[in-house]
Every structure is written in structure tokens, then in C-alpha cells.
Amino acid sequence: MDRRKIISGLKIAAIIILSAGAVAAAVFFAGKAALQAEFPMKYSDEVKKYAGEYDVPEDLIYAVIHTESGYDEKAKSHAGAIGLTQITPETFLWLQTKTGENLPEEALYDADTSVKYCAVFYGLLLKEFGGDEKTAIAAYHAGRGQVNAWLRDPDISPDGKTLVNIPESETKKYVEKVQRAVSIYDKLYKKELNKI
Numbered sequence: 001m002d003r004r005k006i007i008s009g010l011k012i013a014a015i016i017i018l019s020a021g022a023v024a025a026a027v028f029f030a031g032k033a034a035l036q037a038e039f040p041m042k043y044s045d046e047v048k049k050y051a052g053e054y055d056v057p058e059d060l061i062y063a064v065i066h067t068e069s070g071y072d073e074k075a076k077s078h079a080g081a082i083g084l085t086q087i088t089p090e091t092f093l094w095l096q097t098k099t100g101e102n103l104p105e106e107a108l109y110d111a112d113t114s115v116k117y118c119a120v121f122y123g124l125l126l127k128e129f130g131g132d133e134k135t136a137i138a139a140y141h142a143g144r145g146q147v148n149a150w151l152r153d154p155d156i157s158p159d160g161k162t163l164v165n166i167p168e169s170e171t172k173k174y175v176e177k178v179q180r181a182v183s184i185y186d187k188l189y190k191k192e193l194n195k196i
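In this text, residue positions in the sequence shown follow the numbering used here: the first is 1, and each later residue adds one.
Following this line, the structure appears as C-alpha cells:
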């Protein structure tokens with residue numbers, strides 16, 4: 001075979017490989033940018049501050065904000081949960097007994113307050129449930145009393161410490177959504193979340 005034809009063929013192959021690589025990189029970065037738009041890191045100052053203060057993973061707080069309100073500070077659920085992190089007024093009152101504050105429920109519409117009390121709550125839940133994130137997420141949604149009852153049921157929690165099954169479908173779906181969001185935040189923002 002002619003040496004010039006071989007070199008020409010190799011050049012064409014190299015161009016095709018480089019072009020394919022460029023296309024793949026463009027698709028990857030476009031996909032990443034779309035995911036970052038859907039899973040932003042808004043309120044990062046508040047998240048960093050309160051995650052550190054109450055020993056809660058930052059990715060968990062971002063995942064809760066994303067899942068609960070989609071970053072809408074003015075969100076209010078049909079159950080009366082308020083703000084970015086959708087805390088109910090009753091839970092807010094209870095949490096204030098832990099912080100010593102006395103704020104009106106409208107304060108939950110403030111991003112700083114909402115993020116702080118999410119961190120306060122998760123800090124307590126993670127301690128209560130031995131650091132098990134799945135159980136803490138379930139308790140954030142269904143309530144501590146309900147989760148403690150589930151933990152006493154050997155069909156739901158064989159070891160009495162972790163939830164193997166979540167019998168309530170709404171809470172099960174909620175836990176899956178938050179865990180999926182945590183995973184996405186971890187992948188998108190490894191450097192920012194110090195996960196490298």
C-alpha cells in the first residue's frame with residue numbers, strides 16, 4: 001500500500017476521533033449545565049454556615065431545598081409547611097425550644113431562617129438516628145414519632161436502628177427523591193462540597 005495513502009488515512013482517522021471527542025465533550029458539558037440549572041447551589045452562604053454549625057452535610061440541605069420547594073422562598077404546602085425547607089409551624093415552635101429563639105412562623109419565609117432550622121432539625125435527627133441519613137430523611141417527612149414506631153417493628157427495621165422498608169408510599173418516594181438529589185449534588189459539585 002502506498003505510504004501516502006496510509007498517512008492520509010491515519011490523518012482522517014485522527015480527525016474523526018478528535019471530532020467525536022469534541023462532540024462527546026460538548027454533550028457532556030451541555031448536560032452538566034442543564035443539570036446544574038435544575039440543581040443549583042443557591043443560598044450557599046447560609047447552607048455552608050448552618051451545615052457547619054449543626055453538623056449536617058451540605059448536600060443534604062441542598063437536596064431538601066430542591067425537593068421541598070424548588071428554591072421558592074415563598075412556598076407553602078397544603079399541610080401548612082412554609083418556606084424553602086417546608087417546615088411546619090408546629091415543628092418550628094418545637095425547634096425554637098432547642099435554639100432559645102422566639103420567632104413568628106412568618107420568619108420561615110426568610111431564606112436564612114428556613115435554612116438554619118432545616119439544619120437544626122437535621123442535626124437533631126441525625127443524632128437521634130445514629131447518623132443514618134435515610135432514617136433522618138424519613139423522620140423529616142413523616143415525623144420522629146412515626147419513624148420511631150417503624151423502628152420498633154421488626155418487619156420494617158430488623159435491627160431497630162435502620163429502616164429496611166418504609167411502609168408509607170409517600171414517605172418512601174420522598175426519601176428516594178431526596179437521596180437522588182443528594183447523589184446529583186455530590187456528582188455535580190464535588191469540589192464545592194469538598195467531596196474530592
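Cβ coordinates follow ideal geometry from the N, Cα and C atoms, glycine included.
Around the beta carbon of Val164, a 10 Å sphere encloses fewer than 16 other beta carbons of the protein chains shown; the residue is thus reported as exposed. For Arg152, no alpha helix (DSSP H) encloses it, and the DSSP letter there is neither H nor E. Taking a contact to require three or more Cβ pairs closer than 8 Å, the segment 90-103 and the segment 34-54 do not qualify as touching.
Lys48 and Tyr117 have their C-alpha atoms some 13 Å from each other. DSSP lists Lys76 and Ile87 as the bridge partner or partners of Ile82.
In this structure, the alpha-carbon of Pro57 lies about 6 Å from that of Ala51. From the listed residues Glu192, Ala136, Gly160 and Val120, the smallest Cα separation to Tyr174 is found for Ala136. With fewer than three CB-CB distances shorter than 8 Å, the segment 67-85 does not count as touching the segment 143-163. For Phe121, the enclosing alpha helix (DSSP H) begins and ends at Ala111 to Glu128.
It is roughly 14 Å from the alpha-carbon of Leu193 to the alpha-carbon of Gln36.
For Asp45, the enclosing alpha helix (DSSP H) begins and ends at Ser44 to Tyr54.
Distance from Val115 to Glu46 at the Cβ level is roughly 4 Å; contact confirmed, criterion being Cβ atoms closer than 8 Å.
Annotated as proximal: Thr67 and Ala181, with beta-carbon spacing under 9 Å. Inclusion of Arg144 and Glu170 in the CB contact set at 9 Å is not warranted, their separation being larger than that value.
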